[in-house]
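For the sequence shown, the positions run 663 to 798 when this note's numbering is used.
Heads up, the beta-carbon is just placed ideally off N, CA and C, and yes, glycines get one too.
Given the structure is predicted, the values throughout are model-derived calculations rather than measurements.
Structure record follows, encoded as structure tokens.
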Amino acid sequence: MKNPRMSPPRARRLLWLALILFLPVPYWAFGSGHVPVAWLLQLALMGIALLVTEGAMGPGGVIALLFCVETLLWLVVLRMVATRVVARVSRGAGEARARALVLAASFALMIAALTPIYATPLVNDGAAVRWTSLLP
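Next up, the structure:
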């Protein structure tokens, strides 16, 4: 009997969410560093809110646009990665092993987030920090 709680689409969404929340990706808008896509999404949304309230004139609009473009790019790339990983593992090892691998990968990303692997000049002067240090 199949496990209805972890279908391949659900496994793909879980892996995608874990990648968005915990995988450090490079970014280039307003400095450079390695941060999770969720952090970039937070800055993009703050930039959009600033544009709505203050207008798009000046460098604020360009910076907000850069954060939005980078965030959308990484969301698409990570979705493709999650889709391919789950499809390949499901095809090669079966759905049960695919579920186990997705859960193990998600757990490993959460554990890695406890180590100082994220760096951005906007937090702690660019020194490596833990995931919780990126939160406001």
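- Query: By Cβ distance below 7 Å, which residues in the same chain neighbour Leu702 in space, the five residues on each side in sequence not counted?
  - Reply: Tyr689, Phe729, Glu732, Thr733 and Trp736
- Task: Measure the alpha-carbon distance for Ala758 versus Ala711 and round it to whole angstroms.
- Result: 43 Å
- Task: Can you grab the Cα-Cα spacing for the pair Leu679 / Leu765, in whole Å?
- Result: 12 Å
- Item | Ala831 in three-state terms, based on DSSP | The structure shown does not extend to residue 831, since the chain is modelled only from 663 through 798, so no value can be given for it.
- Message: Here's the rule I'm using: 16 or more other beta-carbon atoms within 10 Å means buried, otherwise exposed. How should Pro783 be labelled?
- Response: exposed
- Through-space distance from Ala700 to Val714, alpha-carbon basis: 21 Å
- Beta carbon of Ala775, beta carbon of Leu683: below 9 Å? yes
- Task: Would you kindly report the start and end of the unbroken alpha helix (DSSP H) that includes Gly722?
- Result: Pro721 to Ala755
- Task: Drop a sphere of 10 angstroms on the beta-carbon of Ala726, count the other beta-carbons inside from all chains shown, and report buried for 16 or more, exposed for fewer.
- Result: buried
- Looking at C-alpha atoms only, which residue of Ala770, Val748 and Phe769 is the closest neighbour of Ala760? Val748
- Task: Locate the alpha helix (DSSP H) running through Pro670, then write down its first and last residues.
- Result: Pro670 to Phe684
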